[in-house]
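Visitor: First the structure, then my questions, so here it is.
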């Protein structure tokens, strides 16, 4: 018995794969225990002794040494996946923080400034009110009020300004002041603090004075417009005995940095304005400002200007993060009408108030973020699902490669618990260090935005800078990835080896049909996914916080993968029947094997479908954003370049058209004549409400070509055929009828009968011959386009230039040589201004990264799918080569066998991507993503999400090509290796 047993063991060792030998080497000689049988591997009892025998080698170390490449591959996959998962929340938080700071810092000072005011003319003796406006009192209140602003509101002390001003403009009484239409100029008296640091004296000196002898200075622009000189005395109405108050002007100053908050909040302080009064006739009068000295500020109490004390604080944003939005809202609400305002009123006075538009800026940021977050969430869910499937595929590959080893251990009495725990220890030894390293790399590479601004120097800001981005989401994401990587192999092994089974059995769809439990599980998942998609379709996608919306591509992909993996063998078997009639055995054999492919093909198919869906949806989003920006820029300029005057009705100089036509890159020109505000007649006569619209005179040929190229209201040139009557000879012919193209509202107003148009370009009748919603010449909704040759006074006012490579410098030089009053706008330059906010660029970077990561995971999925069946294919090639199969035929065989599933995944990915776009389009706001910060972006009516054909087709073709190349590479490598191992006797593969 002993000799026979030793002979059997020797035979087993000879035929046993290397993995099986490694498993047995971890057991003590003579040990009858198996893993999970109550003692650890290598814990067998020594013969004739009650003491446990010492293990030959620990299980984990033995396994890692036996398969170092597999452990390294798993570690690399976990490292990359954890890095992406941990970096994502940090990247989103970083660009949202940058977006909030950008919104506040880029806002106009008049919108972001925090202003505290206290009326200074309410009750009490005049002496007490004057004392309350003393410079030292206002300065002390400035510092106290600044300290009372609630967190996270912080201000820049260098841009803080305070003083006294009249909120009601008062008349200048002196006769020498200019009065264009007999109206007296209106003046503002203001005493901004620290004027010396913000202005340079050009003439005279800085003001001093007092409340009884007030002094002031004016800016150079104000002095020039109002005729004020140093030494002039400006009188304004007084409230004491109705006697005028005289203010002596001691000097003229030049403002420094008029874009700063000191000057920008009240532009009237540095630049006077000629203001119209619209009535029966338009009359103009001047508005200006006298800059009082702080000591002269109390004189405002003696005027009719209703004085008030003010303190202006410029908020800083360098310390804010995206997580501070709610706190910032609460702080602004409390400071505007809450407990903090009560505290500040104890310093200012009972009638003090805080005004700011900073809350509107924060609301704008929040609305933009809410519009962008669903788009980013779709990418996150998609790439997250692909990564999870690929990690699961990796565990499945390891389980398949070790199937014979685990089956042998199970047949010798190993328990499922013992096997699971030992496999968990193996994967944990690899996944945990890799996850820790990936998390560390994510924290190191994705850094928080720096804390900037004045307050960053204090200890609180330094602590915030050290804290940086929140670590919790990244830590949770890393833990989930590591947990998935650790559990896939043990769970897969436990499920596969619930019962001891034969070693090396077949595993294709003919012999390994899905069990009832798997069928029920797939049907349950399918029903849940279909129900979720149906519910999503019925109730819409408008809720930005609904994760079901973001998971829609994953749900549709799961449905497609479950259906395709069940039905795809059928068409392959149908094709295999006629393929048998073909010459050669490669085609029929490849189709037959593809139709019996492994029952584990659901995961590769699901991974490819999800990757293609994410790429298709992401490509459609990016393409939609780019298309919206291109179209908005084209609509704003009307062509690749536009030349017109900065003032309406500026005729182009003679010879400009020829000069521009000869500029490098110009392919076509369309001269137009635009006259704004032309009264539109109506079929209802005088009973209709007045309406005006621009009148556009065009050259039909060039303008029709431009409309065709831009797709803005294309029309055949013959619609605007000339009547042959135009120019100065047609002044008296007011009955001539010009064909016209009108916008819908103008066409409805004019009707089908000719009506008379009275314009500076001439008097004539028009008849609408076509209706268009847009036209290249204008961005507005209403217009009337006629042939310029039929106008009485034809004179082009703008040039629309076509040319994809227009040289802007040369074009501006050619225009400037003819006139310095013309403006050149390039579509490409305007297009670049539409990418401004870090929220936009950050979301686009996330989507581009998601597409790249999806492509990488798709490559890994293809390789894992081929590697899982590599041993079987190598054995097949070895056996077929003994029957005369050439290497070329072997490559064809493996390629044809692998392509059906790749083609199926490509078609499924294309269909799912195409179906996902209309499903999610109602809840995706590309308008805000593309044009949220663009000036004049409202000219574009919408930016719908449409399926991009290139984004659907190119990734699908890439998957098919990659699969073919990988299969060919596998065949080439198998051909270089020997066939002895694959042809060993007793191998059941």
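In our numbering, the protein residues as written are 123 to 1111.
Using N, Cα and C, we set each Cβ at its ideal position, and we do this for glycine too.
Being a predicted model, the structure only gives us computed values, none of them experimental.
1) By Cβ distance below 6 Å, which residues in the same chain neighbour residue 209 in space, the five residues on each side in sequence not counted?
2) So, with DSSP's three-state summary, where would you put residue 200?
3) If you follow the alpha helix (DSSP H) that residue 430 is in, where does it begin and where does it stop?
4) Taking C-alpha atoms, which residue in 370, 477, 366 lies nearest to residue 426?
5) Would you grab the beta carbon distance between residue 497 and residue 207 for me? Rounded to a whole angstrom, and I think it's under 8 Å.
6) Where does residue 576 fall in DSSP's three states?
7) What is the C-beta distance between residue 773 and residue 796, in whole angstroms, given that I count them as a contact (C-beta under 8 Å)?
8) Between the stretch 1002 to 1013 and the stretch 544 to 558, can you find at least three pairs of beta-carbon atoms closer than 8 Å?
9) Distance check for residue 288 and residue 424, CA to CA, integer angstroms please.
10) Please state if the CB of residue 222 and the CB of residue 442 are separated by a distance shorter than 8 Å.
11) Sorted by chain position, which residues of the same chain lie with C-beta nearer than 8 Å to residue 214's C-beta, five sequence neighbours on each side aside?
12) Taking the C-alpha atoms as reference points, what is the distance between residue 862 and residue 281?
13) Taking DSSP as the reference, what is the three-state secondary structure of residue 806?
14) Nearest CA to the CA of residue 889: which residue from 1042, 805, 196, 760?
15) Put residue 560 into one of helix, strand or coil per three-state DSSP.
16) Exposed or buried, residue 1094, counting other C-beta atoms within 10 Å across all chains shown (16 or more means buried)?
17) Classify residue 1068 as helix, strand or coil using the three-state DSSP reduction.
18) Grab the span of the beta strand (DSSP E) containing residue 862 for me, first residue to last.
19) When DSSP labels each residue in this structure, what does residue 503 get in the three-state scheme?
20) I need the DSSP call for residue 1092, collapsed to helix, strand or coil.
21) Residue 853 to residue 811, Cα distance in whole Å?
22) So, are the CB atoms of residue 879 and residue 887 less than 8 Å apart?
23) Would you say the stretch 507 to 523 touches the stretch 977 to 996, given that touching needs at least three Cβ pairs under 8 Å?
24) Less than 8 Å separating the beta-carbons of residue 905 and residue 818?
25) Is it right to say residue 297 is buried, meaning 16 or more other beta carbons lie within 10 angstroms of its own, or is it exposed?
26) Where does residue 947 fall in DSSP's three states?
27) Report yes if the C-beta distance between residue 892 and residue 914 is below 8 Å; otherwise report no.
28) Select from 1005, 791, 759 the residue whose C-alpha is nearest the C-alpha of residue 707.
29) If residue 338 and residue 412 are in contact, beta carbons under 8 Å, what's the gap, nearest whole angstrom?
30) Any contact between the stretch 524 to 535 and the stretch 389 to 405? By contact I mean 3 or more CB pairs, one from each, below 8 Å.
31) For residue 185, collect the residues of the same chain with a Cβ closer than 6 Å to its Cβ; drop the 5 residues on either side in sequence, then sort them by chain order.
32) How is residue 582 classed by DSSP in three states: helix, strand or coil?
33) In terms of residue numbering, what span does the beta strand (DSSP E) encompassing residue 763 cover?
34) In chain order, what residues of the same chain lie with their CB nearer than 7 Å to the CB of residue 514, ignoring the 5 residues before and after it?
35) If contact is defined by three or more beta carbon pairs under 8 Å, each pair taking one atom from either stretch, is the stretch 826 to 843 in contact with the stretch 926 to 933?
36) Could you check what DSSP says for residue 346 in three-state terms: helix, strand or coil?
Guide: In this structure, then:
1) Residue 209 sits at position 87 when you count from the first residue of the chain shown. Excluding five sequence positions before and after residue 209, the CB atoms of its chain that fall closer than 6 Å to its own CB belong to 564, 568, given in chain order.
2) Reading the chain shown from its first residue, position 78 is the one you call residue 200. Residue 200 falls in the helix class under three-state DSSP.
3) Numbered from its first residue, the chain shown carries residue 430 at position 308. Unbroken run through residue 430 is the beta strand (DSSP E), 429 to 435; no alpha helix (DSSP H).
4) Position 304 of the chain shown holds residue 426. Ranking the options by Cα distance to residue 426, first place goes to 366.
5) On the chain shown, residue 497 is found 375 positions in, with the first residue counted as 1. On the chain shown, residue 207 is found 85 positions in, with the first residue counted as 1. Between residue 207 and residue 497 the Cβ distance is about 19 Å, and since that is not below 8 Å, they are no contact.
6) On the chain shown, residue 576 is found 454 positions in, with the first residue counted as 1. The predicted position of residue 576 is uncertain, since its pLDDT is 46 and thus under 50; no value can be drawn from it.
7) For the purposes of this step, residue 773 is taken as residue 651 along the chain shown, with counting starting at 1. For the purposes of this step, residue 796 is taken as residue 674 along the chain shown, with counting starting at 1. The beta carbons of residue 773 and residue 796 sit about 11 Å from each other, so the pair does not count as a contact at 8 Å.
8) Put simply, the stretch 544 to 558 does not touch the stretch 1002 to 1013. Fewer than three CB pairs are less than 8 Å apart.
9) Here the question's residue 424 lines up with position 302 in the chain shown. Here the question's residue 288 lines up with position 166 in the chain shown. The alpha-carbon atoms of residue 424 and residue 288 are separated by roughly 11 Å.
10) One-based indexing of the chain shown puts residue 442 at position 320. One-based indexing of the chain shown puts residue 222 at position 100. Yes; because the gap between Cβ atoms is below 8 Å, this pair is in contact.
11) Translated into the one-based positions of the chain shown, residue 214 becomes position 92. Only 498, 964, 968 meet the Cβ criterion.
12) Counting from 1 along the chain shown, the entry for residue 862 is found at position 740. Counting from 1 along the chain shown, the entry for residue 281 is found at position 159. Approximately 56 Å, taken between the alpha carbons.
13) Mapped onto the chain shown, residue 806 falls at position 684. Taken through DSSP and simplified to helix, strand or coil, residue 806 comes out as coil.
14) Here residue 889 is taken as the residue at index 767 of the chain shown, counted from 1. For residue 889, the closest of 1042, 805, 196, 760 by C-alpha to C-alpha distance is 805.
15) Stepping through the chain shown from its first residue, residue 560 is reached at position 438. Residue 560 falls in the helix class under three-state DSSP.
16) The residue given as residue 1094 occupies position 972 in the chain shown. Under this definition residue 1094 is an exposed residue.
17) Numbered from 1 along the chain shown, position 946 holds the residue referred to as residue 1068. If DSSP states are grouped into helix, strand and coil, residue 1068 belongs with coil.
18) Numbered from its first residue, the chain shown carries residue 862 at position 740. Segment 859 to 864, the beta strand (DSSP E) holding residue 862.
19) The residue given as residue 503 occupies position 381 in the chain shown. In this structure, residue 503 counts as helix in the three-state DSSP scheme.
20) As a working mapping, residue 1092 is identified with position 970 in the chain shown. Three-state result, residue 1092: helix.
21) What you label residue 853 is simply residue 731 of the chain shown in a count that begins at 1. What you label residue 811 is simply residue 689 of the chain shown in a count that begins at 1. The alpha-carbon of residue 853 is positioned some 29 Å away from that of residue 811.
22) On the chain shown, position 757 is the one that residue 879 refers to. On the chain shown, position 765 is the one that residue 887 refers to. In this structure, residue 879 sits near residue 887, with a CB-CB distance shorter than 8 Å.
23) Yes, since at least three Cβ pairs between the stretch 507 to 523 and the stretch 977 to 996 fall closer than 8 Å, the two stretches touch.
24) Position 783 of the chain shown, counted from the first residue, corresponds to residue 905. Position 696 of the chain shown, counted from the first residue, corresponds to residue 818. For residue 905 and residue 818, yes; Cβs fall inside 8 Å.
25) Position 175 of the chain shown, counted from the start, is the residue given in the question as residue 297. By the Cβ-count criterion, residue 297 is exposed, with fewer than 16 other Cβ atoms from all chains shown falling within 10 Å of its own Cβ.
26) Residue numbering aside, residue 947 sits at position 825 when the chain shown is read from its first letter. The answer is strand: DSSP assigns residue 947 an E or B state.
27) Here residue 892 refers to the residue found at position 770 when the chain shown is read from its first residue. Here residue 914 refers to the residue found at position 792 when the chain shown is read from its first residue. Taking 8 Å as the Cβ cut-off, residue 892 and residue 914 do not qualify as a contacting pair.
28) Here residue 707 refers to the residue found at position 585 when the chain shown is read from its first residue. It is 1005 whose Cα lies nearest to the Cα of residue 707.
29) Residue 338 sits at position 216 when you count from the first residue of the chain shown. Residue 412 sits at position 290 when you count from the first residue of the chain shown. With a Cβ gap of about 4 Å, residue 338 and residue 412 count as contacting.
30) Contact fails: fewer than three Cβ-Cβ distances are below 8 Å.
31) The residue you call residue 185 lines up with position 63 of the chain shown. Excluding positions up to five away in sequence, the list reads 548.
32) As a first step, residue 582 must be located in the chain shown, where it is residue number 460. Note on residue 582: pLDDT 48, under 50, position unreliable in the model; the coordinate value appears next. Three-state result, residue 582: helix.
33) As a working mapping, residue 763 is identified with position 641 in the chain shown. Element bounds for residue 763: 763 to 767.
34) Against the chain shown, residue 514 aligns to sequence position 392. Cβ neighbours of residue 514 beyond the five flanking positions: 610, 725.
35) Taking one beta carbon from each stretch, the stretch 926 to 933 and the stretch 826 to 843 have fewer than 3 pairs nearer than 8 Å; the two do not touch.
36) By one-based count along the chain shown, residue 346 stands at place 224. Residue 346: helix per DSSP, three-state reduction.
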